[in-house]
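Note that this note's numbering has the sequence shown beginning at 1, numbered continuously upward. Where a beta carbon is used, it is the ideal one built from N, C-alpha and C, also for glycine. Heads up, the thing below is written out as structure tokens.
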Amino acid sequence: MGSVVQLVAAPPASGFSIFGARIGATLRHLASLDGQLSAARLLRGSALDERAVDASSENLQVVDAAGLLHVYEQALALTGRSDLGLCYGEAAGVTEYGPIGYAMLSAATDLEAVNIALTFQRLYYGTMASMSLHHEAGQGLIRLRENLPSGAGRRFFIEMLLAGFLRFNHALVGEQTQLQALRLAYPVPDYAERYRQLFQCEVHFGQPHHELLFDTGVLARPLPNADPITARACEQVCGELLERFDRGERFAARVRRVLLADGCDRGLRQVAASLGCHERTLHRRLQEEGTGFQQIKDDIQRDQVLVALQDTSLSINEVARRQGFDSPSNFRRAVRRWTGLAPLEWRRRLLGASGIGW
1 MGSVVQLVAA
11 PPASGFSIFG
21 ARIGATLRHL
31 ASLDGQLSAA
41 RLLRGSALDE
51 RAVDASSENL
61 QVVDAAGLLH
71 VYEQALALTG
81 RSDLGLCYGE
91 AAGVTEYGPI
101 GYAMLSAATD
111 LEAVNIALTF
121 QRLYYGTMAS
131 MSLHHEAGQG
141 LIRLRENLPS
151 GAGRRFFIEM
161 LLAGFLRFNH
171 ALVGEQTQLQ
181 ALRLAYPVPD
191 YAERYRQLFQ
201 CEVHFGQPHH
211 ELLFDTGVLA
221 RPLPNADPIT
231 ARACEQVCGE
241 LLERFDRGER
251 FAARVRRVLL
261 ADGCDRGLRQ
271 VAASLGCHER
281 TLHRRLQEEG
291 TGFQQIKDDI
301 QRDQVLVALQ
311 DTSLSINEVA
321 RRQGFDSPSN
331 FRRAVRRWTG
341 LAPLEWRRRL
351 LGASGIGW
């Protein structure tokens, strides 16, 4: 089973992947926000070396996203600013998004730009999350799905993505984008008013998903910097980078992604078929990476349980039932094995840690 999860320490491994260069770009952007956020201070204790997070285009190394979550948590701790994720996204420029950003800027319409972002989203945040476009009662809806480990870095990541999406869309269309509503799948933070000031819409916390609602009319807007030749060239670069990312992703991360998408009841043979390899090959590759199929399933269950415990509208027994445990005692033993604490004590400490421990 997974190792004990600490409330303040960075997770030893997240099971999600990202380009190391993206971590380098994050370090550079954080340093521009606050001079005390040097790369050396943010990387301390992360087990990442400078080569792995070199922000240059030549660095195509794929790394575990635990290092990025660690950087977020270090930045929050060093600045003492709970809303730093919002600040990060609000200040992000086109260069923050690399070739995806330039491809979007060159698109013909806002809808075309959004589709580019969705197609190549793994180049920006790897397998840490996924965005999708939907329609609801005549409105457009961008839904963000993620299953990241609990901790302060998780909320930073969500805030950074959503604020950055809004900021970038402003740059695309050349004017303020009016949202209809923002829904967030975590409890109300003590700086909730900051959300309303930034997003200029109704903000609802404790929802089933993270979602941005907007008028679908904006998707048909022609973009002022449309350039089909540049757009095609940038999309070709993005496609090549996406292939490199997929080839460099660890098998453990691929297995986790399949299980999260298709359900943890799938067996080794089914997952191997989804990944296009034989089950013996998958078993061997996971062993080479120092893990196993059941270990990954156990880690997913741990992460989902610890996220569910943050919902204070549910009793501990209700969380246990919804997470598939056959008895409250088995649930308590599992949580204590993962965290070193009883479920209720974990909930109290996590929600009370610096006001940001979601």
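Opposing strand residues paired with residue i [DSSP bridges]
i	result
residue 143	132 and 211
residue 183	204 and 211
Alpha carbon of residue i to alpha carbon of residue j, nearest angstrom
i	j	result
residue 338	residue 299	9 Å
residue 2	residue 15	Unreliable positioning characterises residue 2 in this predicted model, as indicated by a pLDDT of 42, which lies under 50. The coordinate reading is nonetheless provided below. Distance between the alpha carbons of residue 2 and residue 15: 12 Å.
residue 18	residue 63	6 Å
residue 42	residue 137	44 Å
residue 325	residue 331	6 Å
residue 283	residue 30	39 Å
residue 65	residue 122	12 Å
residue 117	residue 290	34 Å
residue 91	residue 175	16 Å
residue 171	residue 249	32 Å
residue 52	residue 246	17 Å
residue 96	residue 120	14 Å
residue 114	residue 221	12 Å
residue 243	residue 340	41 Å
residue 240	residue 134	27 Å
residue 317	residue 187	20 Å
residue 349	residue 329	21 Å
residue 354	residue 40	With a pLDDT of 40 at residue 354, under the threshold of 50, the predicted position of this residue should be treated as unreliable, and no value is reported.
residue 20	residue 185	28 Å
residue 167	residue 132	18 Å
residue 343	residue 320	10 Å
residue 304	residue 335	11 Å
residue 100	residue 274	28 Å
residue 26	residue 32	10 Å
residue 212	residue 173	17 Å
residue 215	residue 181	10 Å
residue 56	residue 72	20 Å
residue 323	residue 279	27 Å
residue 209	residue 169	21 Å
residue 155	residue 205	12 Å
residue 345	residue 309	10 Å
residue 94	residue 103	10 Å
residue 189	residue 35	26 Å
residue 201	residue 179	6 Å
residue 327	residue 183	33 Å
residue 272	residue 61	24 Å
Coarse secondary structure for residue i, derived from DSSP in three states
i	result
residue 7	Here the model assigns residue 7 a pLDDT of 40, short of 50, so the residue's position is not dependable, and the following value carries that caveat. Three-state DSSP puts residue 7 in coil, outside helix and strand.
residue 222	strand
residue 230	helix
residue 109	strand
residue 17	strand
residue 245	helix
residue 59	coil
residue 325	coil
residue 235	helix
residue 127	coil
residue 194	helix
residue 343	helix
residue 357	Here the model assigns residue 357 a pLDDT of 46, short of 50, so the residue's position is not dependable and the matter cannot be decided.
residue 250	coil
residue 50	coil
residue 32	helix
residue 188	coil
residue 118	helix
residue 24	helix
residue 175	coil
residue 164	helix
residue 99	helix
residue 137	coil
residue 92	coil
residue 45	coil
residue 153	helix
residue 350	helix
Cβ-heavy atom distance, residue i to the ligand COA, below 6 Å
i	result
residue 162	Looking for the ligand COA in the displayed structure turns up nothing, as the structure carries no ligands at all.
Any C-beta of chain D under 7 Å from that of residue i
i	result
residue 91	No chain D appears in this structure, which consists of one protein chain only.
**Q.** Stretch pair the stretch 92-112 + the stretch 75-83: three plus CB contacts closer than 8 Å
**A.** Cβ pair count under 8 Å is below three, so no.
Q | Contact the stretch 80-96 vs the stretch 161-170: 3+ CB pairs below 8 Å | A | Counting Cβ pairs under 8 Å, three or more are found: they touch.
Q) Can you list the beta strand (DSSP E) stretches of 3 or more residues lying completely in the stretch 61-88, in chain order? A) For the stretch 61-88, the continuous beta strand (DSSP E) assignments of 3+ residues that do not extend past its boundaries occur at 62-64, in sequence order.
Q. Counting pairs of Cβ atoms below 8 Å between the stretch 229-236 and the stretch 45-59, do you hit three or more?
A. no
Q: Decide if the stretch 113-132 is in contact with the stretch 188-199; the criterion is three or more beta carbon pairs, one per stretch, under 8 Å apart.
A: no
Q | Segment contact, 8 Å Cβ cut-off, at least three pairs: the stretch 247-262 with the stretch 296-316 | A | Under the three-pair Cβ rule at 8 Å, the stretch 247-262 counts as touching the stretch 296-316.
Q) Looking at C-beta atoms only, is the number of pairs between the stretch 144-161 and the stretch 266-276 that lie closer than 8 Å three or more? A) no
Q.
For a minimum of 4 consecutive residues, which ranges assigned as the alpha helix (DSSP H) are wholly contained in the stretch 253-334?
A. 268-275, 279-288, 293-308 and 316-322
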